[in-house]
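Enquirer: Below is the structure I would like to discuss, written out as C-alpha cells.
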Amino acid sequence: MANSTDLKRKAAELQSNHRAAKRTKFADARTILSQPPDQALNKNGDLDTAAFVKAREFEINAMEKGMQGSKKALTTRAFQEVPRNMRRRTASHNVKKVPKRLQMRAIRE
1 MANSTDLKRK AAELQSNHRA AKRTKFADAR TILSQPPDQA LNKNGDLDTA
51 AFVKAREFEI NAMEKGMQGS KKALTTRAFQ EVPRNMRRRT ASHNVKKVPK
101 RLQMRAIRE
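The following block contains the structure:
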C-alpha cells in the first residue's frame with residue numbers, strides 16, 4: 001500500500017516539474033530583454049550617444065528575437081487543430097484520439 005502512494009507522489013512531483021518547466025518556457029518566449037537608460041549617461045550626467053544607440057540596438061534585437069520566439073511558442077494545442085466535426089473531448093487527455101498527423105505533437109504537449 002505504501003509503495004503505491006510513493007509512486008503516486010513521485011508521479012505528481014514529475015508532473016509538477018514538467019508544468020513548471022513548460023510555464024517558464026512560455027514565459028521566456030514572451031519576455032523581451034531591455035537595458036536601463038542610465039547606462040547611457042556619463043559620470044557628468046551627459047548622454048553618451050554611442051552607448052545610447054548601442055543600448056537601443058540591443059533592445060531592438062531582443063524585441064525581434066522575442067517576436068520570433070513567441071511565434072514558435074504554441075498558441076494552440078494539437079487537439080484544437082482537428083476540424084470541429086472530428087473533435088472529441090477525450091482527445092485532450094488521450095493522444096490516440098488525435099489524428100495520426102498530430103499525434104507526435106500531442107505527445108510533446
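Take the sequence shown: its position 13, counting from 1, is numbered 13 in full-length UniProt numbering, and each next residue is one higher. No residue lacks a Cβ here, since even glycine has one placed at the ideal position from N, Cα and C. These figures come from a predicted structure and were not determined experimentally.
Leaving out the 5 sequence neighbours to the left and right, which residues in its chain are closer than 8 Å to leucine 102 when beta-carbon positions are compared?
Expert: Here residue 102 is taken as the residue at index 102 of the sequence shown, counted from 1. Contacts found: Ala78, Phe79, Glu81 and Val82.
Enquirer: Are glycine 66 and isoleucine 32 touching if we call contact CB-CB under 7 Å?
Expert: Within the sequence shown, numbered from 1, the residue matching residue 66 stands at position 66. Within the sequence shown, numbered from 1, the residue matching residue 32 stands at position 32. For glycine 66 and isoleucine 32, yes; Cβs fall inside 7 Å.
Enquirer: Residue 111 to arginine 23, Cα distance in whole Å?
Expert: Any answer about residue 111 is impossible in this case: the structure gives the chain only from 1 up to 109.
Enquirer: Starting from the Cα of valine 95, find the closest Cα among Arg84, Met86, Ile107 and Glu57 and give me that residue.
Expert: Taking the first residue of the sequence shown as position 1, residue 95 is located at position 95. Here the closest residue by C-alpha is Ile107.
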